[in-house]
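Colleague: 43 is the number that numbering that gives the first Met the number 0 gives to position 44 of the sequence shown; each next residue is one higher, with no gaps.
All residues carry an ideal CB built from backbone N, CA and C; glycine is no exception.
If you're wondering where the values come from, they're calculated on a predicted model, not measured in any experiment.
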Amino acid sequence: MPQVAKAGRRRRQGATRRQRRGPVRSRGSVDDWLNRLVSIAVLTALIVGVSALLVTLLWG
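Shown next, in the form of structure tokens:
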């Protein structure tokens, strides 16, 4: 029968939680602006595509 260690003495095994520290970026970096620009472009394309589909299906 395996021995069970007390809760205070047990060592953790497996994946451990580690704090992720990414590179420090300025608030108005180019990457943030590009992400925002791409998001706006994708949303605009989706809205135009859905509205064109609805127009085609309803009045086409």
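Work out the CA separation of Leu36 and Thr55 for me, nearest whole Å.
Modeller: Residue mapping note: residue 55 aligns to position 56 of the sequence shown, counting from 1. Residue mapping note: residue 36 aligns to position 37 of the sequence shown, counting from 1. One C-alpha to the other measures close to 28 Å.
Colleague: Would you tell me roughly how many angstroms separate the C-alpha atoms of Ser38 and Leu45, rounded to the nearest one?
Modeller: Here residue 38 is taken as the residue at index 39 of the sequence shown, counted from 1. Here residue 45 is taken as the residue at index 46 of the sequence shown, counted from 1. In a straight line, the C-alpha of Ser38 is about 11 Å away from that of Leu45.
Colleague: Between which two residues does the alpha helix (DSSP H) carrying Arg19 extend?
Modeller: The residue labelled residue 19 in the question sits at position 20 within the sequence shown. No alpha helix (DSSP H) holds Arg19; DSSP gives it neither H nor E.
Colleague: Let me know the secondary structure DSSP gives Ser28 once reduced to three states.
Modeller: If you number the sequence shown from 1, residue 28 lands on position 29. It is coil, neither helix nor strand.
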